[in-house]
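Visitor: Okay, handing you the structure first.
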Amino acid sequence: MSTDCPFCGIVAGEIPGRIVGENDHAVAFLDANPMAPGHTLVVPREHRERLADATETEVTAVFSLLHELAPEIETTVDADGATVGLNDGSTAGQEVPHTHAHVIPRFDGDGGGSIHVAAGSPADLSDAELDEIADEVTADGGD
Ligand code: 5GP
Ligand code: ZN
Numbered sequence: 000m001s002t003d004c005p006f007c008g009i010v011a012g013e014i015p016g017r018i019v020g021e022n023d024h025a026v027a028f029l030d031a032n033p034m035a036p037g038h039t040l041v042v043p044r045e046h047r048e049r050l051a052d053a054t055e056t057e058v059t060a061v062f063s064l065l066h067e068l069a070p071e072i073e074t075t076v077d078a079d080g081a082t083v084g085l086n087d088g089s090t091a092g093q094e095v096p097h098t099h100a101h102v103i104p105r106f107d108g109d110g111g112g113s114i115h116v117a118a119g120s121p122a123d124l125s126d127a128e129l130d131e132i133a134d135e136v137t138a139d140g141g142d
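Here numbering that gives the first Met the number 0 is used: the first residue of the sequence shown is 0, the next is one more, and so on.
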C-alpha cells in the first residue's frame, strides 16, 4: 500500500469510495469526477503503478471484473455501449499512479469518439515497418 495513493485509500476503506464490485485481487469503484454516469475504475488491490507492474493474477482479476461489470453498468445507466481502457503512463494521460482501467458508459450522440482519438493522428507505417515491429515484439517475448 502507498500511503499517499487515493486508490490504496479506497481499497483499504480509509477514503470513502463508491465500491461497485470486488474480487480477491481487484476492486471497482465509481470515478469521483465521471465522464458519464456510471464511469467506473477497476484497480488491483495492491499498489502497482503501471500495467506491467501488476502480476498476471492481478491483471486477470481486473479483467474479470471489467467483464462482469461493464454490461451491468451499461444496463444500470441505460447506456448504448462503453469505452473500456486505461491510460498507461503519464504520457498517455495517467494521473493517478495506481494502474486502473476505466469503464466509461457511452450514449448515442454523446459527442465522444473512439479510443483511437486518444493517440492523435494515425501513424504512417509501411508494411515492412509493421513486419519489423511485429518481429521485434515477438523476439522480446510476445507470442
Ligand atoms: P487517469 O487519468 O489517471 O487514467 O484517471 C484518473 C481518474 O481517477 C480520473 O478519472 C479521476 O476523476 C479519478 N480520481 C482521481 N482521484 C480520485 C479519488 O480520490 N476517488 C475516485 N473515486 N476517483 C478519483
Ligand atoms: Zn495505490
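The beta-carbon is built from N, C-alpha and C at its ideal position, and this holds for glycine as well. Source: prediction; values computed, not measured.
Give the DSSP bridge partners of F28, in chain order.
Guide: Start at 1 with the first residue of the sequence shown, and residue 28 comes out as number 29. F28 is bridged to I18, L40.
Visitor: Nearer than 7 Å: is that true of the beta carbon of H143 relative to any heavy atom of ligand 2?
Guide: The requested residue 143 is not part of the displayed model; the chain covers only 0 to 142.
Visitor: Assuming G84 is part of the beta strand (DSSP E), what are its boundary residues?
Guide: Looking up residue 84 in the sequence shown gives position 85. Start and end: 80-84.
Visitor: Checking the sheet assignment: what are the DSSP bridge partners for A100?
Guide: Translated into the one-based positions of the sequence shown, residue 100 becomes position 101. Its beta-bridge partners are V41.
Visitor: Along the chain, where does the alpha helix (DSSP H) containing A69 start, and where does it finish?
Guide: The count along the sequence shown starts at 1 and reaches residue 69 at position 70. 55-76 is the span of the alpha helix (DSSP H), which, as asked, contains A69.
Visitor: Tell me which residue opens and which closes the alpha helix (DSSP H) that E131 is part of.
Guide: Here residue 131 refers to the residue found at position 132 of the sequence shown. Counting along the chain, the alpha helix (DSSP H) containing E131 begins and ends at 126-138.
Visitor: Let's see if you can read the secondary structure: which residues bound the alpha helix (DSSP H) around A51?
Guide: By 1-based counting over the sequence shown, the position of residue 51 is 52. Run containing A51: none; DSSP gives neither H nor E here.
Visitor: Our contact map puts V26 next to V42 with C-beta atoms below 8 Å; I'd like the distance itself, whole angstroms only.
Guide: For the purposes of this step, residue 26 is taken as residue 27 along the sequence shown, with counting starting at 1. For the purposes of this step, residue 42 is taken as residue 43 along the sequence shown, with counting starting at 1. Yes, they are in contact, since the Cβ atoms of V26 and V42 sit about 6 Å apart, within 8 Å.
Visitor: Are the Cβ atoms of H97 and H46 separated by less than 8 Å?
Guide: Here residue 97 is taken as the residue at index 98 of the sequence shown, counted from 1. Here residue 46 is taken as the residue at index 47 of the sequence shown, counted from 1. Yes; because the gap between Cβ atoms is below 8 Å, this pair is in contact.
Visitor: Taking G112 as part of the alpha helix (DSSP H), name the residues at either end of that continuous run.
Guide: As a first step, residue 112 must be located in the sequence shown, where it is residue number 113. Neither: G112 is in no alpha helix (DSSP H) and is coded neither H nor E.
Visitor: Have a look at T2 and A127 and give me their C-alpha separation to the nearest angstrom.
Guide: Within the sequence shown, the letter at position 3 stands for residue 2. Within the sequence shown, the letter at position 128 stands for residue 127. Computed Cα separation, rounded: 47 Å.
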